[in-house]
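S.K.: Order-wise, the sequence lines are chains A and B. -18 is the number of the first residue of the first sequence in the numbering used here; add one for each residue after it. 2 is the number of the first residue of the second sequence in the numbering used here; add one for each residue after it.
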Amino acid sequence: MAADLFSTPEHQLFRDTVRKFVEEELAPRAREFDEQGHFDKSLYKKMGALGMLGLKYDPRWGGAGLDWSYTAIMFEEIARGDNAGVTMGISVHTDMATPSLHAFGSDELRTRFLIPAIEGATVSAIAVTEPDAGSDVAAAKTRAVRDGDTWVINGSKMYITNAATADWLCLLAVTDPEAGYGGFSQIIVPTDTPGFSYQLLDKIGNRGSDTGLLFFEDVRVPVANTIGDIGRGFQQQMMQFQDERLVACLSANAGAERLWEVTKKYCEERVVFGKPLSKMQVTQFKFVEMLTQITAARELAYECVRRRLRGEDATMDISMAKLFTGRMTRYVADECIQLHGGFGYMRESAAGRAFVDTRLISIGGGADEVMIQYVARMLGF
Amino acid sequence: MKILVTVKRVPDPETSIKVKPDGTGIVTDNIKWVVNPFDEIGVEEALRIKEKVAGSEVVLVSIGDKVAQEQLRTGLAMGADRAILVLADDLDPLGVARVLAKLVDDEKPDLIIMGKQAIDDDSNAVGQMLAELLGWPQGTFASQIELSDDQKSASVTREVDGGLETLSFPLPGVITADLRLNEPRYASLPGIMKARKKELKEIPVADLGVDVTPRVTITKMEPPPSREAGKIVASVEELVNLLHTEAKVI
Ligand SMILES: Cc1cc2nc3c(=O)[nH]c(=O)nc-3n(C[C@H](O)[C@H](O)[C@H](O)COP(=O)(O)OP(=O)(O)OC[C@H]3O[C@@H](n4cnc5c(N)ncnc54)[C@H](O)[C@@H]3O)c2cc1C
């Protein structure tokens, strides 16, 4: 597996550590987290103590200062914990809600919010999507009006992961309605601020994570909570999306591989018409076709990681990877549920859960069509 | 205080082991290798002592192939201070004990903690042999270890048939770890990164001048017989009858 990316003994040791953590703390409770509709906040503390929550971040803020290869390892292993919702909750915290703060936040903001986030003492959420603005991010209406040194925020955000768990949000708000793409800012909003409330949403999959609708009614936070420059929020968020999508690909690919393994084992044991399902040629064809797709998706994501390691822009590759991974995981989940038969249709089966969980990849963090639109634009169409 | 802990490279207990067709050993392709779980418990115990007793040093020792570096790195990443790898082909328990005794001469530890056995050969012999060679007291199968405040003596609780036995003895001594002694930590990322700079010294066994000529040779290995399918009986009478005539247990 990509020997060039994971070449040192430290990579292997880190993989062992995450795997043990997943085997002991996450996998045995995967179904319980689904029932609860979220997973335990205390697990963030444990991950923080193991150094898992600030892999790429500067040691100044408690991070490990490592490259993307470690992030790849972490999410490949977490995705084997049998709960896509948990994977999503963790990745929102480490790679979707905090990259802007790390890259653009003031020292004071990073001291107050990034250090505890990396320790696992606090959990973050990313609040971009609105009831009337999803794919078209620039249609967002949540408004922050300046009152001296304070932002007064009104509006709502939709489908927000970690809604109930989060201690603070990285909020994208309109700070100047006249300024178009230059009229947005990223603002940190602690969730205990008066005027903030949320309502949980009932999802078909990813049930181990808490997704909610957020309300802001005259929520007042200091203007000093703005990440980076006022008016640069849209551009910073577009960069932050790149990390989000790459992490989504890495974990979804590993999830598909895991499902493939689980299904193969099932087919080796399940006897139909007198022989194991895996002995039927049509089944073997399916497994090889699936593995080919999984491998292609993984290699494309690794290519994005390599670009990141070389410090190159990876927007085009990441967009294609997100598109490809989304479709691949849907196809693999569909084949695997079929191979499981009736058992696959049960909630307890990994295939049944994957069938609803993986459907998200083609929607969340930018729908397939949005990815295609990006690439078309970059190709000069 | 200085604590010497042994770390053996063994196949992952989750791995399914296959015996080579010629019976000379096991098939080692595609096996994942780990730190012997009892040794890992030993490392954890040493680290806990180090956390309590300021100025302590934890030194790891492995004897085997160069690849055993991986297992020593795991122990260093958990928090041990340095490691020694004695390069040698498979030794028998007495050979291992003699090599360790030689290292003890050089290192002069106050305490040696080892796993009660390695899960590959399950010999459960080296700790006892080493204590004998050194003329040191031993506390085997430890489920609890307490050191006196001056660290001059240890008290070791052992799980024995029907209860617990507690032994006290002066240090230096040899203690072997049982399963319930502790739950080993995992290596944290900062620990993994720090381990990169820690010393890992390699010594060819020939340099130690120890006689490691094997006293034990493995003549043949074979897999345990595969279990036969169960039998469903129609009545209690038939069951009792079969237990008597076939299974011969009653
Ligand atoms: C479980 C879950 C968790 C989420 N977590 C978060 C979160 O933490 N933070 C956050 O901000 N958001 C989050 N989202 C929101 C997610 O990012 C949006 O749902 C997504 O961007 C799509 O937006 P939308 O739902 O408004 O769909 P719409 O924008 O209404 O799009 C509907 C459909 O229209 C099609 N479409 C869109 N644009 C085009 C186009 N240009 N050309 C052709 N067809 C197009 C696509 O098929 C798309 O699926 C989450 C969503 C879900 C379901």
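Backbone N, C-alpha and C fix where the C-beta goes; we use that ideal spot for every residue, glycine too.
Is the Cβ of K138 of chain A closer than 8 Å to any Cβ of chain B?
M.R.: As a first step, residue 138 of chain A is located in the first sequence; it is residue number 157 there, counting from the start. Cβ-Cβ to chain B under 8 Å: no for K138 of chain A.
S.K.: State buried or exposed for I193 of chain B, treating a residue as buried only when at least 16 other CB atoms are found within 10 Å of its CB.
M.R.: Position 192 of the second sequence, counted from the first residue, corresponds to residue 193 of chain B. With 16 or more Cβ atoms within 10 Å of its Cβ, I193 of chain B is classed as buried.
S.K.: Going by C-alpha distance, which of A:P(-10), A:K37, A:E249 and A:M219 is nearest M352 of chain A?
M.R.: Here residue 352 of chain A corresponds to residue number 371 of the first sequence, with the count starting at 1. Comparing Cα positions, the closest option is A:M219.
S.K.: With DSSP as the reference, label N206 of chain A as helix, strand or coil.
M.R.: Position 225 of the first sequence, counting from 1, holds the residue named residue 206 of chain A. N206 of chain A falls in the helix class under three-state DSSP.
S.K.: Where do the ends of the beta strand (DSSP E) carrying E147 of chain B lie?
M.R.: Taking the first residue of the second sequence as 1, we reach residue 147 of chain B at position 146. Here the beta strand (DSSP E) through E147 of chain B covers Q139 to L148.
S.K.: Is A106 of chain A near ligand 1, in the sense that its beta carbon is under 7 Å from a heavy atom of that ligand?
M.R.: The residue you call residue 106 of chain A lines up with position 125 of the first sequence. A106 of chain A: yes, Cβ under 7 Å from ligand 1.
S.K.: State yes or no: is the C-beta of M33 of chain A within less than 8 Å of the C-beta of M55 of chain A?
M.R.: Reading the first sequence from its first residue, position 52 is the one you call residue 33 of chain A. Reading the first sequence from its first residue, position 74 is the one you call residue 55 of chain A. Their beta carbons are under 8 Å apart, which means M33 of chain A touches M55 of chain A by this criterion.
S.K.: Here's a check: name, in chain order, each residue in its chain whose Cβ is nearer than 8 Å to the Cβ of L36 of chain A, leaving out the five neighbours to either side.
M.R.: Sequence index remark: in the first sequence, residue 36 of chain A carries index 55 (1-based). Closer than 8 Å at the Cβ level, and outside the excluded window around L36 of chain A, lie G44, A45, L47, Y51, T52, M55 and T75.
S.K.: In chain A, what lies closer than 8 Å to L48 of chain B by C-beta?
M.R.: For the purposes of this step, residue 48 of chain B is taken as residue 47 along the second sequence, with counting starting at 1. Correct list: empty, because the minimum Cβ distance to chain A is about 15 Å.
S.K.: Please identify, using Cβ separations under 7 Å, the residues of the region 183 to 201 of chain B that lie next to chain A, in order along the chain.
M.R.: Hits within the stretch, in order: Y187, A188, S189, L190, P191, I193, M194 and R197.
S.K.: Are three or more beta carbon pairs between the region 40 to 55 of chain B and the region 89 to 100 of chain B nearer than 8 Å?
M.R.: Not touching, per the Cβ criterion.
S.K.: Which same chain residues, not among the five before or five after N125 of chain B, have their C-beta less than 7 Å away from its C-beta?
M.R.: Start at 1 with the first residue of the second sequence, and residue 125 of chain B comes out as number 124. K117 and Q118.
S.K.: Let me check you understand the geometry: is the CB of G347 of chain A closer than 7 Å to at least one non-hydrogen atom of ligand 1?
M.R.: Here residue 347 of chain A refers to the residue found at position 366 of the first sequence. Correct: G347 of chain A has its Cβ closer than 7 Å to ligand 1.
S.K.: Within the 8 Å Cβ cut-off, does T158 of chain B reach chain A?
M.R.: Looking up residue 158 of chain B in the second sequence gives position 157. Judged by the 8 Å Cβ criterion, T158 of chain B is not in contact with chain A.
S.K.: For S87 of chain A, does the three-state DSSP call read helix, strand or coil?
M.R.: Along the first sequence, read from residue 1 onward, the residue named residue 87 of chain A stands at position 106. Correct three-state label for S87 of chain A: coil.
S.K.: Output, in sequence order along the chain, the residues in the region 95 to 122 of chain B whose CB is closer than 8 Å to any CB in chain A.
M.R.: Listed in sequence order: no entries.
S.K.: Please decide whether L320 of chain A counts as near chain B, where near means a Cβ-Cβ distance under 8 Å.
M.R.: As a first step, residue 320 of chain A is located in the first sequence; it is residue number 339 there, counting from the start. No, its Cβ sits nowhere closer than 8 Å to a Cβ of chain B.
S.K.: Going by DSSP, what residue range makes up the beta strand (DSSP E) through M115 of chain B?
M.R.: As a working note, residue 115 of chain B is residue 114 in the second sequence. First-last of the beta strand (DSSP E) with M115 of chain B: L112 to G116.
S.K.: Using the beta-carbon count (16 or more within 10 Å), is E(-9) of chain A buried or exposed?
M.R.: Residue numbering aside, residue -9 of chain A sits at position 10 when the first sequence is read from its first letter. Label assigned to E(-9) of chain A: buried.
S.K.: Since F142 of chain B contacts D82 of chain B with CB under 8 Å, what's their CB separation in whole angstroms?
M.R.: As a working mapping, residue 142 of chain B is identified with position 141 in the second sequence. As a working mapping, residue 82 of chain B is identified with position 81 in the second sequence. Not confirmed; about 26 Å, so no contact.
S.K.: May I ask which residues mark the beginning and end of the alpha helix (DSSP H) holding T264 of chain A?
M.R.: As a working note, residue 264 of chain A is residue 283 in the first sequence. Element bounds for T264 of chain A: Q262 to L290.
S.K.: Check whether the Cβ of V6 of chain B lies closer than 7 Å to any heavy atom of ligand 1, and answer yes or no.
M.R.: The count along the second sequence starts at 1 and reaches residue 6 of chain B at position 5. It does not: the Cβ of V6 of chain B is nowhere closer than 7 Å to a heavy atom of ligand 1.
S.K.: Please name the residue in A:L240, A:E100 and A:V104 whose C-alpha comes closest to that of A65 of chain A.
M.R.: Start at 1 with the first residue of the first sequence, and residue 65 of chain A comes out as number 84. Nearest C-alpha to A65 of chain A: A:L240.
S.K.: Closer than 7 Å to a non-hydrogen atom of ligand 1 - does that hold for the CB of N187 of chain A?
M.R.: Residue mapping note: residue 187 of chain A aligns to position 206 of the first sequence, counting from 1. Yes; taking the cut-off as 7 Å, the Cβ of N187 of chain A has a heavy atom of ligand 1 nearer than that.
S.K.: Given a cut-off of 8 Å on the beta-carbon distance, is the pair V36 of chain B and T75 of chain B in contact?
M.R.: As a working note, residue 36 of chain B is residue 35 in the second sequence. As a working note, residue 75 of chain B is residue 74 in the second sequence. Against a cut-off of 8 Å, the Cβ pair of T75 of chain B and V36 of chain B comes out as a contact.
S.K.: Answer yes if the region 124 to 139 of chain B comes into contact with the region 21 to 30 of chain B, meaning at least three C-beta pairs across the two stretches below 8 Å, and no otherwise.
M.R.: Judged by Cβ distances under 8 Å, the region 21 to 30 of chain B makes no contact with the region 124 to 139 of chain B, as fewer than three pairs qualify.
S.K.: Can you look up P9 of chain A in the DSSP assignment and give me helix, strand or coil?
M.R.: In the first sequence, the residue the question calls residue 9 of chain A occupies position 28. In this structure, P9 of chain A counts as helix in the three-state DSSP scheme.
S.K.: Beta carbon of M115 of chain B, beta carbon of V175 of chain B: below 8 Å?
M.R.: Residue 115 of chain B sits at position 114 when you count from the first residue of the second sequence. Residue 175 of chain B sits at position 174 when you count from the first residue of the second sequence. Cβ distance < 8 Å, so M115 of chain B and V175 of chain B count as in contact.
S.K.: For the region 180 to 188 of chain B against the region 334 to 350 of chain A, do three or more pairs of beta-carbon atoms, one drawn from each stretch, fall closer than 8 Å, so that the two count as touching?
M.R.: Output reads no: the region 334 to 350 of chain A does not touch the region 180 to 188 of chain B.
S.K.: For A30 of chain A, which residues in chain B fall below 8 Å Cβ to Cβ?
M.R.: Counting from 1 along the first sequence, the entry for residue 30 of chain A is found at position 49. Going along chain B in sequence order, the residues near A30 of chain A (Cβ under 8 Å) are S189.
S.K.: Do S105 of chain A and G209 of chain A have their beta-carbon atoms positioned less than 8 Å apart in this structure?
M.R.: Position 228 of the first sequence, counted from the first residue, corresponds to residue 209 of chain A. Position 124 of the first sequence, counted from the first residue, corresponds to residue 105 of chain A. For G209 of chain A and S105 of chain A, no; Cβs fall outside 8 Å.
S.K.: Nearest-angstrom Cα distance between V73 of chain A and A357 of chain A?
M.R.: As a first step, residue 73 of chain A is located in the first sequence; it is residue number 92 there, counting from the start. As a first step, residue 357 of chain A is located in the first sequence; it is residue number 376 there, counting from the start. Their Cα atoms are separated by approximately 27 Å.
S.K.: Short check: CB of D213 of chain B to CB of V206 of chain B, under 8 Å?
M.R.: Here residue 213 of chain B refers to the residue found at position 212 of the second sequence. Here residue 206 of chain B refers to the residue found at position 205 of the second sequence. Note that residue 213 of chain B is Val in the sequence shown, not Asp. For V213 of chain B and V206 of chain B, yes; Cβs fall inside 8 Å.
S.K.: Taking T75 of chain B as the query, report the chain A residues whose CB atoms sit under 8 Å from its CB, ordered along the chain.
M.R.: The residue given as residue 75 of chain B occupies position 74 in the second sequence. Near T75 of chain B (Cβ distances below 8 Å), the residues of chain A are L(-6) and D(-3).
S.K.: Using 8 Å as the limit for Cβ to Cβ distance, is A45 of chain A near chain B?
M.R.: Indexing the first sequence from 1 puts residue 45 of chain A at position 64. By this cut-off, A45 of chain A is an interface position.
S.K.: Are A102 of chain A and I141 of chain A closer than 8 Å when you measure CB to CB?
M.R.: One-based indexing of the first sequence puts residue 102 of chain A at position 121. One-based indexing of the first sequence puts residue 141 of chain A at position 160. No, these two residues do not count as a Cβ contact at 8 Å.
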